[in-house]
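Please read the structure below before turning to the comments.
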Amino acid sequence: MSSLPAYPPQATAEVLWRFGPFVVYETQRRLERTGEAVRLGFRSFELLLQLVKHAGKVLGKDELLATVWAGVIVEDASVRVQMSMLRKALGRPGASDDCVEWISNIPLQGYRLNGRVLRECTDTTRPGTLSMAIAASFASQSAAPAFTKLPTRLTRLIGREADLKRLLTAMDTSRIVTLAGLGGIGKTRLAIHTAECHQTRTGMQIAFVDLSPLIGEDHVAGALARALGVPSDAPDTMHAIHRQLEGRDVLLLIDNCEHVVDALAPLIAGLLAALPKLRILATSREAFRMEGERVLRLAPLVVPETDRLTLAQAMRSAAVELLVERAQAAGARQFGDSDGALLARIARQVDGIPLAIELVAARLGVQSINDLASRLNDHMRLYSAGNATVLARHRTLAAALDWSIALLNPQELSLFRLLSVFRGRFDLNSALRLAEGDMDTESAFDALISLANKSLVSFDNSDAVAPYRLLGTTRSYAANLLSRTGESPALGRRHAELMRSLMDEATAQLPRLDIDSWTERYAHHLDDVRAALDACLAQPGGTEADTTTDMEVGVALAVTSAPLWFQASQAEEYRNRVLTTINRLERLPGADAKTVTGLRLALTARLTLRPEPHSERLGMESEAKALYLSAARSGPGSASNRTPQK
Numbered sequence: 125m126s127s128l129p130a131y132p133p134q135a136t137a138e139v140l141w142r143f144g145p146f147v148v149y150e151t152q153r154r155l156e157r158t159g160e161a162v163r164l165g166f167r168s169f170e171l172l173l174q175l176v177k178h179a180g181k182v183l184g185k186d187e188l189l190a191t192v193w194a195g196v197i198v199e200d201a202s203v204r205v206q207m208s209m210l211r212k213a214l215g216r217p218g219a220s221d222d223c224v225e226w227i228s229n230i231p232l233q234g235y236r237l238n239g240r241v242l243r244e245c246t247d248t249t250r251p252g253t254l255s256m257a258i259a260a261s262f263a264s265q266s267a268a269p270a271f272t273k274l275p276t277r278l279t280r281l282i283g284r285e286a287d288l289k290r291l292l293t294a295m296d297t298s299r300i301v302t303l304a305g306l307g308g309i310g311k312t313r314l315a316i317h318t319a320e321c322h323q324t325r326t327g328m329q330i331a332f333v334d335l336s337p338l339i340g341e342d343h344v345a346g347a348l349a350r351a352l353g354v355p356s357d358a359p360d361t362m363h364a365i366h367r368q369l370e371g372r373d374v375l376l377l378i379d380n381c382e383h384v385v386d387a388l389a390p391l392i393a394g395l396l397a398a399l400p401k402l403r404i405l406a407t408s409r410e411a412f413r414m415e416g417e418r419v420l421r422l423a424p425l426v427v428p429e430t431d432r433l434t435l436a437q438a439m440r441s442a443a444v445e446l447l448v449e450r451a452q453a454a455g456a457r458q459f460g461d462s463d464g465a466l467l468a469r470i471a472r473q474v475d476g477i478p479l480a481i482e483l484v485a486a487r488l489g490v491q492s493i494n495d496l497a498s499r500l501n502d503h504m505r506l507y508s509a510g511n512a513t514v515l516a517r518h519r520t521l522a523a524a525l526d527w528s529i530a531l532l533n534p535q536e537l538s539l540f541r542l543l544s545v546f547r548g549r550f551d552l553n554s555a556l557r558l559a560e561g562d563m564d565t566e567s568a569f570d571a572l573i574s575l576a577n578k579s580l581v582s583f584d585n586s587d588a589v590a591p592y593r594l595l596g597t598t599r600s601y602a603a604n605l606l607s608r609t610g611e612s613p614a615l616g617r618r619h620a621e622l623m624r625s626l627m628d629e630a631t632a633q634l635p636r637l638d639i640d641s642w643t644e645r646y647a648h649h650l651d652d653v654r655a656a657l658d659a660c661l662a663q664p665g666g667t668e669a670d671t672t673t674d675m676e677v678g679v680a681l682a683v684t685s686a687p688l689w690f691q692a693s694q695a696e697e698y699r700n701r702v703l704t705t706i707n708r709l710e711r712l713p714g715a716d717a718k719t720v721t722g723l724r725l726a727l728t729a730r731l732t733l734r735p736e737p738h739s740e741r742l743g744m745e746s747e748a749k750a751l752y753l754s755a756a757r758s759g760p761g762s763a764s765n766r767t768p769q770k
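Residue numbers (the working numbering): 125 to 770.
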């Protein structure tokens, strides 16, 4: 782009079009940027003139050809070529302009000029008229709302293409859309990108307000007013906000709403009812649950399912792609195929949570990938390595979760701690039964639903059997809270009893259900059965009575869970666990011979009769279980039941 010295207009009457730093002189066919002439070809100027006359409206290719090339036969590509030259001449908008690009190409529709355009008519034969018109124009611009602009994005959005499309589609049909999800999941970044795309598509003005600094609910209206440029001395804040937005096409992006949901909901409901052109995009860990609201829940980024990957294969996962890009921005070395497995493992260990990935990536600038991968067992020890762009409440994963936990009531907090004992997916009934010792069923149900609404418990509506789970990072945090209460051992026993009860039910249902239905109903319990067995058979750490109870529950669970292990093709692991149980049992004082025999019989039944019909296997398993129950009734200390010490 080149510029020429400005010269005074020669015409006695002129129509001016102003946008940003530019002035378009329609009669003289001239463009100026801050007083300096900008050289444009004839067709480029004509295109610009059509765009400014119809600012905010999409002009189709055929319409532009008919107007700018009237009576001339040209190729369709002419519009594209001239538009490219025009864009280059205009450059990019500055920080003070109210758009991200001057001209948008709307796929399959056409082109649109963005930003605020002012039209003026002046008479340059009268001294001072032009300067008065300019002053009036600037006064008009300064009187326009000074909305708080979107934060500048410093990095590109990765792995959210499908979510972006869902959000934009939702915003086409709903006037209030809430993007919900766990802290650190990437809601703010996606919302900002979505708002920019929506502005490009529609030309709407955008106002941004971040509510995270608010300590309480009393100042919500004031925060909205500041973002919308309402004077601080307005006697009625909400009335002033209404007047500021009246008749304007505005998208209001409200970020971090979770801690003021109750105060904010009626305010935005009133705004939406009174202002038909207003649209709201909100980010929150909890939905508003208001009429007309469309809620989209943001899931973690996709992670690799296996470690056996080359670098290129691993980077097909959005989580690994983000990890590699942010790590190399932090100064990490170039990764190769030998790093693919570790990168995939790290992405899985942090559950594909973007915040966790970015915190880990920052460490790869000063730490080897092998060292980092070996130290990720404690999810909560992830720091930002001094990244100044990370919000204080996001400096660690623990800080992000602290923010959410502070908003829970006592029953929600209690259930959140209890749920940390589940290792995998769980169903509603299991959660309610686990909570029986701490709260009534109705309270537990309400607390679980609230935790899901607050994005602390993940809910998968495509899973009809066990739709709930805690992400690994969230579960580690909840388990840490539980350990501080001293309730972990007692809750572990309650969890093991629950698993034993569920496996009794599963064994009883095996002859009544087809194998696919049985597997669908019970297979998700395997990780929890495994964890319960580990807890029951660990080295004793409590009273003698606790140790006896743990062993009794562990032995019963080992016997009754046999069908689950074999249906999951885990025969070898089951064999090893039963042998470990037998070994542990035989080493206890007063070990019970019938119980040991029952375990051996259960193991033999499963290892030797796997191809046989259900009825034969169940017969031997029933005999094994009967032996166990007989031993339990006679007591582990009975003289007739003792096994010689080894």
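All residues carry an ideal CB built from backbone N, CA and C; glycine is no exception.
LEU661 is the residue among ARG624, LEU661, ALA522 whose C-alpha sits nearest the C-alpha of ASN700. Distance from the CA atom of SER298 to the CA atom of ASP379, rounded to whole angstroms, is 18 Å.
Contact annotation: MET563 and ARG403 have beta-carbon atoms that are not nearer than 8 Å. Taking 8 Å as the upper bound for CB-CB distance, LEU338 and VAL384 are in contact here, some 6 Å apart. In this structure, the straight-line span from the alpha carbon of LEU375 to that of ALA656 is close to 51 Å. Cα atoms of ASN585 and SER567: separation of roughly 22 Å, rounded to the nearest angstrom. Beta-bridge partners of GLU160 (DSSP): ARG157. In the DSSP annotation of this structure, the continuous segment of the alpha helix (DSSP H) that includes THR609 starts and ends at 596-609.
Three or more pairs of CB atoms, one per stretch, sit closer than 8 Å, so the region 474-486 contacts the region 423-432. By the neighbour-count definition (other C-beta atoms within 10 Å, threshold 16), HIS363 is an exposed residue.
Beta-bridge analysis with DSSP links SER408 to ALA304.
Using a Cβ-Cβ distance cut-off of 8 Å, the region 302-312 and the region 426-441 are not in contact, since fewer than three pairs of beta carbons, one from each stretch, lie closer than that value. Residue state for GLN329 is assigned as strand, using DSSP reduced to three classes. Secondary structure at SER693: coil, using DSSP grouped into helix, strand and coil. Taking the C-beta atoms as reference points, TRP141 is found nearer than 8 Å to VAL176.
In this structure the region 393-413 does not lie against the region 446-461, because fewer than three pairs of beta carbons, one per stretch, are closer than 8 Å. In the three-state DSSP reduction, ILE309 falls in the coil class, being neither helix nor strand. Annotation for SER228: no alpha helix (DSSP H) segment contains it, though the beta strand (DSSP E) segment containing it runs 227-230.
For CYS245, the secondary structure class from DSSP, reduced to helix, strand or coil, is strand. Sixteen is the threshold: since fewer than 16 other Cβ atoms of the shown chains lie within 10 Å of the Cβ of CYS245, the residue is exposed. Put simply, the backbone Cα of LEU703 is about 35 Å away from that of ASP587. DSSP places ASP640 outside any beta strand (DSSP E); the residue lies instead in the alpha helix (DSSP H), whose first and last residues are 639-646. Comparing alpha carbon positions, the residue from THR361, ARG557, ALA530 closest to ARG409 is ALA530.
The alpha-carbon separation between ARG236 and LEU281 amounts to approximately 24 Å.
Annotated three-state conformation of LEU175 is helix, per DSSP. In the three-state scheme derived from DSSP, where H, G and I count as helix and E and B as strand, LEU183 is classed as strand. Within the same chain, Cβ atoms closer than 6 Å to the Cβ of MET209 are found at SER168, the five residues on either side in sequence being excluded.
ILE493 carries a helical assignment under DSSP once its states are collapsed to helix, strand and coil. The Cβ neighbour count for SER600, taken over all protein chains shown within 10 Å, is at least 16; the residue is labelled buried. Taking C-beta atoms under 8 Å as the contact rule, VAL333 and THR272 qualify, at a distance of about 6 Å. By the CB criterion at 8 Å, THR318 and LEU278 fall outside the cutoff. Taking 4 residues as the shortest admissible run, the region 420-484 contains the following complete alpha helix (DSSP H) segments, listed from N- to C-terminal end: 435-438, 442-453, 464-473. In this structure, LEU467 lies near ALA438, with their beta-carbon atoms less than 8 Å apart. A distance below 8 Å between beta-carbons, with the five flanking residues on each side excluded, links THR609 to the following residues of its chain, in chain order: ARG541. In this model, ALA406 and HIS343 are separated by some 17 Å (Cα to Cα). In this structure, the beta-carbon distance from PHE146 to GLU156 falls below 8 Å.
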